[in-house]
Structures are given as C-alpha cells and as structure tokens.
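To start, the structure under review is shown below, and the notes come after it.
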Amino acid sequence: MQFNSITFALFLPIVFILYWFVFNQKLRWQNLFLVVASYVFYGWWDWRFLILLFISSLSDFIFGYLIDKESRQFRRKTFLILSICINLGMLGFFKYYNFFVDSFIDLFSLFGIRLHASTLQIILPVGISFYTFQSMSYTISVYWRQLKSTKDIVSFFSYLSFFPQLVAGPIETANNLLPQFTKKRVFDYAKAADGMRQILWGLFKKIVIADNCAGFVDSIFSNYSQHSGSTLVFGVILFAFQIYGDFSGYSDIAIGTARLFGFELMQNFRFPYFSKSITEIWRRWHISLSNWLRDYLYTPLAISTRNWGLAGILFSSIITFTLCGLWHGANWVYVVFGLLHGLALSYEILTRKQRKKWSKKTPVFIYDSLSMLLTFIFWNITLVFFRSASIHDALGYFKGMFSTSLFSAPHPDIGVNPLTISVLIPLFIIFEWMQRDKQHAMQIDSTRMSRPVRWACYFLLIFLIGMLGNTGDVPFIYFQF
Amino acid sequence: MELNDILQQLNEIFKDILDLDTLVLTPETTARDVEEWDSLSHIQIIVAAEKHFKIRLTAQEIQALENVGDMCKLVQKKSAQ
Numbered sequence: 006m007q008f009n010s011i012t013f014a015l016f017l018p019i020v021f022i023l024y025w026f027v028f029n030q031k032l033r034w035q036n037l038f039l040v041v042a043s044y045v046f047y048g049w050w051d052w053r054f055l056i057l058l059f060i061s062s063l064s065d066f067i068f069g070y071l072i073d074k075e076s077r078q079f080r081r082k083t084f085l086i087l088s089i090c091i092n093l094g095m096l097g098f099f100k101y102y103n104f105f106v107d108s109f110i111d112l113f114s115l116f117g118i119r120l121h122a123s124t125l126q127i128i129l130p131v132g133i134s135f136y137t138f139q140s141m142s143y144t145i146s147v148y149w150r151q152l153k154s155t156k157d158i159v160s161f162f163s164y165l166s167f168f169p170q171l172v173a174g175p176i177e178t179a180n181n182l183l184p185q186f187t188k189k190r191v192f193d194y195a196k197a198a199d200g201m202r203q204i205l206w207g208l209f210k211k212i213v214i215a216d217n218c219a220g221f222v223d224s225i226f227s228n229y230s231q232h233s234g235s236t237l238v239f240g241v242i243l244f245a246f247q248i249y250g251d252f253s254g255y256s257d258i259a260i261g262t263a264r265l266f267g268f269e270l271m272q273n274f275r276f277p278y279f280s281k282s283i284t285e286i287w288r289r290w291h292i293s294l295s296n297w298l299r300d301y302l303y304t305p306l307a308i309s310t311r312n313w314g315l316a317g318i319l320f321s322s323i324i325t326f327t328l329c330g331l332w333h334g335a336n337w338v339y340v341v342f343g344l345l346h347g348l349a350l351s352y353e354i355l356t357r358k359q360r361k362k363w364s365k366k367t368p369v370f371i372y373d374s375l376s377m378l379l380t381f382i383f384w385n386i387t388l389v390f391f392r393s394a395s396i397h398d399a400l401g402y403f404k405g406m407f408s409t410s411l412f413s414a415p416h417p418d419i420g421v422n423p424l425t426i427s428v429l430i431p432l433f434i435i436f437e438w439m440q441r442d443k444q445h446a447m448q449i450d451s452t453r454m455s456r457p458v459r460w461a462c463y464f465l466l467i468f469l470i471g472m473l474g475n476t477g478d479v480p481f482i483y484f485q486f
Numbered sequence: 014m015e016l017n018d019i020l021q022q023l024n025e026i027f028k029d030i031l032d033l034d035t036l037v038l039t040p041e042t043t044a045r046d047v048e049e050w051d052s053l054s055h056i057q058i059i060v061a062a063e064k065h066f067k068i069r070l071t072a073q074e075i076q077a078l079e080n081v082g083d084m085c086k087l088v089q090k091k092s093a094q
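Chain order of the listed sequences is A and B.
Residue numbering for the first sequence follows the working numbering, starting at 6 and increasing by one per position.
Residue numbering for the second sequence follows the working numbering, starting at 14 and increasing by one per position.
Spelled out as structure tokens, the structure:
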C-alpha cells in the first residue's frame, strides 16, 4: 500500500480509530492489532512477501534469545552468524542473485570464456533491504551486550513490521524503537497535531516537488543524447530535488504517522543540501542508514584494521561506502556512486587539518557558501551514476553535459512548462533554509502562531498539492531498494 | 591505577586527537557531548589509549563502551591483568 494512495487514506483512519478506541484496553492487544494492521499493509502488495517478513522476525526473535542466554563465546558467535546469514541470504537471493550471475558471466567473457547460467525470474520484495537491516541491528546489539533480548514476541513482531516505517525506513535500531512497544502509549493531541503537519509537508514534498520533477527527469535521462549540455545539467539538478523530495517526503509521512500512534521515530533527513562537506551530507541524508552502516559495518571494520593506522580508516570508509552504494540496488551504477563517496570522504579525512586552516583564513560567509556549492556539485555528479540505467549511459550523459552546448539556454522540450518547477524549487529551498534548525520544516510553535495563520498555511499547502500536484500515483523511488 | 588518574590521562589523549585544548572530560561524557568525537576520531582515540596504557582491547569490549567512565573502568581492569 502506497502512502500516496486512496487505499492508504482509508486504511489510516480505520487503524487509528481501532487502535485508540477499541484495542486501547490492553497493551498486548494494541500491539497485536498493530502486527495485524502492518501485515495487511504489507500483504497489500503481494501476500507472499509476508513469509519473508515472518521468517526474518521469528528467526531473530529466537536467535536474540539464544545469544543472550548463552555464555560460551563460540556459541554466541555461531548464533549471530546464523542470524546474519538468514537475513543476508534472503536479501542476497531476492535482490542480488541475478546481478551476481550476470556479473560473473560478463567477467568470464572478458577472458573469452562463455558461461551458460540462467538468471531467475525473481520479484523483489518491497522494502526487504530495510527490514532485514533493522532485524540484524537487534541480534548484533544483543551480541555486543548493548541490549537485553526480549521475551515479548508480540512486541518484537510489531517492532519489525511497524507499517509506518516498514518499507522505506527510518531503519530503527532496537534500542530506540523496541522499548516503545513495551510501554503504554497515551494519546497526546499536540504530538498528533505535529505528526499531521509533518505528514502534510511530506505529501507536499512528494506530490508537488518530487513528482513534478519526475516527468522532466525521466524524459531527459532516457533521451540524454538528444539534449543540450545545459539541459542535462538542469536534468540532474531536478533529479537531486526529485530524490530528496521523494525520499525525505516519505520519511516525513512515516515519522508523522508513527507519531499519531504515540511513537517517536528518529529524524532521517536534516536538510542535507545545506551540508558543507560530503562527511556532513552523510550525517544529514538518510541518517538511519548511515548510522546503521557506521555502527555495524564501519566501526567493526575500523576496529579490526586499527593497527594499519590511517590506511585502516581509509580502507574501512571506502568499503563501507561502496557497500552502501550496492545496498541501493543490484547495479554497478550504485557501486560507482558509493565508491565515489568513499573516495570523497577519504579526501576529507586526509585534508581535515588543511581545510581547518583554510577556513580560518577565509571569511565565514564565503567559505561556507563555497563549501556548500562544491558539496552540492559533487553530489550531483554522483547522482548521474545513481540515476543512469548503466555505466555506459552515465558516461554518455557526462559526455553530453561537458560539450559546447553547456553554455546554451536549457531547453527541456517535453511539452510541459518548466516554469512552475523553476519557481517552486527556489521557494521550497528558502522555506527549508528558514526552518533548518527544526526537526522538520513544518514544525511550528503553536503559541507563537495564531490559529487562523496556521490554518491558512495548511490550506495553502493542500491547495498547492491539489493544484500543482502530479496525481499520476507515482511510486516512491526508495521502495525498490 | 586510580580511576581519576586514568581520566586525567585520557583527557590529554582526547585533547591531542580532537585538537581541542580546553576539553574537560567527566565520567559521564559521551560522544554526543563533543562534536569532534565522531566515528573516525573514536578509533584514533582507542588506538592512542591502547598504546599509552599498553593494553589490548577486544572488539566486543570497545563496542560495549557507553561513556568516558566505562572507558576508565575498562582501562583499569585491563592494565591490572
């Protein structure tokens, strides 16, 4: 079920009413009801997906318990490895099987050897990369003794299937979300109202900003050889706003929805395009994934290679980011995207002291704006890989971009007027800049803003969604990851 | 070794690695309180502390650390061995 669908618009109020008014007597019923609602939500795509979610939940519930109970180190480690193998096995099979088979065939054909292996017709279960990662965070934390295992199977199942964040995050660690299922939730009007505001802003970002960019981006990227260099630049910048609006919009809806049910999810985006370095952008972009990778991949790698000195840290960063790229999908373009970020991060690690010196010598405003601009340019260059269908297409896109037509006026001739989006995006940036210190852009202090003004804002947004929104039911980009 | 001594010595290591001359650590300090103490400098601090106190920590011991106080206790336990 998509957040931007009519089905969800009916599903949400029904679940909300049953949750607060029918199943509110006992915590266990409420949690059980959440599991049922979440399984309905997820099964709406394809009921067979539920089997995978169930396997992941049940196996990690059992392994978490076994790891916690066991004192012998060897056995603890064996249980952990088994748990990780089940999750990564499912992920690997459903998401990467064909990719690895194809890549092997290509590799051997380079040496003139022809292999015949058949790829399989596999449907990619929605959100599998998200919930398998969330599930693994639990057993790893128990293994590291940062967390006690839970004996409450209902809470655990609701933690792993919680519909607001099931298919595209935030990837919640067990430390933050699991205890919230074992405590009684009390309805808080102010929090719920704030949740609604965040949902509204998320819908605006998705339906107005992202979906309006989508048409241009699709047309420019699929016919890049027909367009001038400047149009290609325009295309990739629009894609930067499309993917930001799409994914952070989704996160806003997820966090807002969870708040309606009395849950606090982590902030997943902190206005990333105002970052002054690549290191910073990854602290502000898809924070739950960066944190996961930092805690469960980078840190263990860096600890085990710490005797190599700086080389160990650089090695760990590059490996982590390359795998971060691959996490997004089974395609070499994502690997290159990740690798480029790993290299940029390494550059920043190596020049940390030097850059600190430069920043002291340059006026703050100039240094900051320049850093922001360079970071955004680098981000866009890597997005060309991210959005292209293959490495070949990405290189073709660059070739078209860096030609003499780079200095002509952009002309995305696809029958739609680019004016709306050219006006909307700058306004959107200004608004987000003004609100950049908040948890989300629609967080307002109701004591400082009178009711009529607040409602005027809501209606303006609803009006914009209705007038300018692309109602073509465009699916969220990150659902495919 | 007294916990307080360890804290003083760790404080010097932190100051050096994080390039912060005025940093004052307490047992309750966590990475959240010090902006420069990130995943990158954390590893550098661990390496420097291992060298300084002549100890070797396991990955699990490092992962279980929550604040500076935990670190002091771990150093004390390890250097007594």
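In this text, a Cβ means the ideal position worked out from N, Cα and C, and glycines have one as well.
Since the structure is predicted, the reported quantities are computational estimates derived from the model, not experimental observations.
- Any Cβ of chain B closer than 8 Å to the Cβ of T304 (chain A) would place that residue at the interface, and such an atom is present.
- Remark: fewer than three beta-carbon pairs, one from each stretch, lie closer than 8 Å, so the segment 65–75 of chain A and the segment 183–200 of chain A are not flagged as touching.
- A distance of 8 Å or more separates the beta carbons of F161 (chain A) and L39 (chain A).
- Between Q247 (chain A) and A215 (chain A) a beta carbon distance of about 5 Å is seen, short of the 8 Å cut, so the two are scored as contacting.
- Straight through space, the alpha carbons of R360 (chain A) and K366 (chain A) are spaced by roughly 10 Å.
- In its chain, beyond the 5 residues on either side, V241, A399 and Y402 have a beta carbon closer than 6 Å to the beta carbon of V389 (chain A).
- At a cut-off of 8 Å between C-beta atoms, A307 (chain A) counts as an interface residue with respect to chain B.
- In this structure the segment 170–181 of chain A lies against the segment 263–280 of chain A, because at least three pairs of beta carbons, one per stretch, are closer than 8 Å.
- Residue burial is scored here from C-beta neighbours: D65 (chain A) has at least 16 other C-beta atoms within 10 angstroms and is therefore classed as buried.
- Non-local C-beta neighbours of L319 (chain A) in its own chain, meaning closer than 7 Å and more than five positions away in sequence, comprise S351 and I354, ordered along the chain.
- Going by DSSP, R289 (chain A) is part of the alpha helix (DSSP H) stretching over I283 to R289.
- The residue from A:R311, A:Y372, A:V20 and A:F104 with its alpha-carbon nearest to that of N336 (chain A) is A:F104.
- Only those residues of the segment 31–51 of chain B whose C-beta falls short of 9 Å from the nearest C-beta of chain A are listed: D32 and D51.
- The segment 42–84 of chain B contains, as complete alpha helix (DSSP H) runs of 4+ residues, the segments 52–66 and 72–76 (chain order).
- At a cut-off of 4 residues, the continuous stretches assigned as alpha helix (DSSP H) that sit fully inside the segment 307–338 of chain A are 315–333.
- Pairing D51 (chain A) with V41 (chain A), the inter-Cα distance amounts to about 15 Å.
- Just measuring C-alpha positions, the residue of A:I89, A:L183 and A:T155 sitting nearest T137 (chain A) is A:I89.
- Per DSSP, reduced to three states, the secondary structure at D257 (chain A) is helical.
- Within 7 Å of the CB of R311 (chain A), the CB atoms of chain B belong to I56, I59 and V60, in sequence order along the chain.
- Around the beta carbon of D18 (chain B), fewer than 16 other beta carbons lie within 10 angstroms, which makes this residue exposed.
- With a minimum length of 4 residues, the unbroken runs of alpha helix (DSSP H) contained wholly in the segment 104–180 of chain A fall at 133–148 and 158–166.
- Taken through DSSP and simplified to helix, strand or coil, T367 (chain A) comes out as coil.
- Counting the other Cβ atoms within 10 Å of the Cβ of D251 (chain A) gives 16 or more, which makes it buried.
- At least 8 Å separates the beta-carbon of F226 (chain A) from that of R77 (chain A).
- Interface with chain A (8 Å Cβ-Cβ cutoff): Q76 (chain B) is included.
- When C-beta distances to chain A are compared with 7 Å, the residues of the segment 67–94 of chain B below that value are A72, Q73, I75, Q76 and A77, in chain order.
- Distance from H445 (chain A) to Q203 (chain A) at the Cβ level is roughly 5 Å; contact confirmed, criterion being Cβ atoms closer than 8 Å.
- The Cβ atoms of T187 (chain A) and D157 (chain A) sit closer than 8 Å to each other.
- The count of Cβ pairs closer than 8 Å, one atom from the segment 140–154 of chain A and one from the segment 82–97 of chain A, reaches three, so the stretches are in contact.
- For T83 (chain A), the enclosing alpha helix (DSSP H) begins and ends at Q78 to L96.
- Residues G234 of the same chain have their beta carbon placed closer than 8 Å to that of T409 (chain A), with the five preceding and five following residues left out of the count.
- Its Cα nearest to that of S52 (chain B), the residue A:T284 stands out among A:W25, A:L115, A:P175 and A:T284.
- Taking 8 Å as the CB threshold, R77 (chain A) stays off the interface with chain B.
- The Cβ of L16 (chain B) sits no closer than 8 Å to any Cβ of chain A.
- For the segment 15–48 of chain A, not one full-length beta strand (DSSP E) segment reaches 3 residues or more.
- Under the 8 Å criterion on CB atoms, L53 (chain B) is classed as interfacial with respect to chain A.
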